[in-house]
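Heads up, the thing below is written out as structure tokens.
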Amino acid sequence: MHFIYSEDHFLLTKTVNKLVKGLLIEKNYEIENYSLIYNDISEIYTTLNTFSLFGEPKILIISDAWFATEEKISLHRNYSEEALYKILESKTDNVVIFTLNNERISKRLKLVKYLEENLELTNVKPMQEIEVLNYIKAFFTRSEKSITDENASFIFQSIPKDMQTLTNELTKLSHIESDVITIEDIKNNLTKYIDNDIFELSNAFVNNQTKIFLKLYKDYLLLNDDISKLVALLSSTVVFFRDVNVMRQQGMRNDEIVQITKAHPYRVKVALSNKLNIKKLNDKIKLLYSIQQGVLNNTMDKDNIVEYQFIKNMEDKNG
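Dropping the structure here:
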């Protein structure tokens, strides 16, 4: 059995796909996908211990393995640790791959100690800047295009540190007819992620300024109806707000925080002026993750329920 976790969903998916591809070289498998949030764990156990229609072994990819953390994420109503151990202790020819889109697991949990002793654990670390720059250049090379180191760095600095977002932008740029990707090409085609509207939108969200948030939210959707991208941007900024406040609690001065984050002093000042404590900022980050998962899995109506979730969070000042 395998347990793979990463804070970057793109890298997590890529690692799982590579593992599955390697297994498929050895023999044929039937692949099934489950979520501990949306699927009954007893049904997962039954599937694990039954033969496929054609008698082939199975690969069960079980996502949302939040049991390995101390985060208060609600799993399926029928989830239990006892049922989980039945899966972990099953002796079959089937392969189980647990996945978690999170940067860490809790080493304090007894269950995690069991995972460390009995499963193959893989923590997929975020790519470092030099790795991302090489990824950008290699991406364009495969598209028979070229880009300078300086322009590759400009792309890296201009978008959220998320490989799926980066890949989407590179795909868009790769469709340009020119063989050389210029700075003008980038500025004219790259989505403007780092702008005051998004920052102010995030500021309104963390300060529960519902009217301001809704106006900026609707303005954004008039220009770009990609809810998933918007949530990723909001999440990136709210995490920045949280991290800046953590550094302030540790006694750092504003100029030290600016130096560490490499952010504009104005952004640091605004981040420090929010009215929420770190716990409530974390609650908002969890909400954004929940919305992102709901949108990606088509379990949340992006036209109505997403807006409702935002409003409910901001109106519920004590939540």
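When we follow the UniProt record's numbering, the leftmost residue of the sequence shown carries the number 1, and every step to the right adds one. We put the beta carbon where it would ideally sit given N, CA and C, even for glycine.
Helix, strand or coil at residue i [DSSP, three-state]
i	result
K58	strand
V173	One point to set straight first is that residue 173 is Leu, not Val, in the sequence displayed. Here L173 sits in helix by DSSP.
N282	helix
Q157	helix
D8	coil
V180	strand
S273	coil
M252	coil
T69	coil
D185	helix
residue 321	The chain is shown only over 1 to 319; residue 321 falls outside these bounds and no answer can be derived.
F51	coil
K262	coil
K27	coil
N118	helix
R77	coil
M300	coil
S91	What sits at residue 91 in the sequence shown is Lys, not Ser. Note: K91 maps to coil in three-state DSSP.
Q209	coil
Those residues which DSSP pairs with residue i across a bridge
i	result
I97	H2, I61
Y34	I62
N123	Y5
S146	V180
Residue from the options whose Cα sits closest to the Cα of residue i
i	options	result
N94	T50, K137, L121	T50
L109	R267, D301, F67	F67
I73	S158, L100, V96, L111	L100
I44	V20, I97, T69, T13	I97
K125	N274, T299, T15	T15
F140	Q128, E129, I155	I155
Q128	I136, L121, T122	I136
Q292	N17, D64, Y29, I31	D64
H9	Y217, K58, T167	T167
H76	N39, T92, K86	N39
S143	L170, T261, A152, S235	L170
L19	I59, L53, N134	I59
L11	N224, L222, E131	E131
Cβ-based neighbour list, residue i, same chain, cut-off 7 Å, excluding 5 preceding and 5 following
i	result
I194	Residue placement at I194 is poorly supported in this model, since its pLDDT is 44, which falls under 50; the coordinates still yield a value, given next. Taken in chain order, the residues that qualify are S158.
L79	According to the sequence provided, residue 79 is Tyr. The question's Leu does not apply to it. Cβ neighbours of Y79 beyond the five flanking positions: L36, I41.
L84	I41, F67
L115	F3, A68, L121
I105	Y5, A68, T69, V112
Chain-order list of residues whose beta-carbon lies under 6 Å from that of residue i (same chain, five-residue window excluded)
i	result
G294	M300
K302	I227, V295
G319	Residue placement at G319 is flagged as unreliable, the pLDDT there being 45, under the threshold of 50; the coordinate-derived value follows with that caveat. Same-chain partners within the cutoff: there are none.
H2	I97, E120
Close beta carbons around residue i, own chain, < 8 Å, minus the five adjacent residues each side
i	result
N274	N203, V206, N207, F241, N245, L281
With a threshold of 8 Å, are at least 3 pairs of Cβ atoms found where one atom belongs to the segment 232–249 and the other to the segment 267–277? Judged by Cβ distances under 8 Å, the segment 232–249 makes contact with the segment 267–277, as three or more pairs qualify.
Pairs of beta-carbons, one from the segment 182–193 and one from the segment 26–39, closer than 8 Å: are there three or more? With a cut-off of 8 Å, the segment 26–39 and the segment 182–193 do not count as touching, because too few Cβ pairs lie within range.
So does the segment 300–318 actually touch the segment 209–222, counting three or more Cβ pairs closer than 8 Å? Contact between the segment 300–318 and the segment 209–222 is present: three or more C-beta pairs spanning the two stretches fall below 8 Å.
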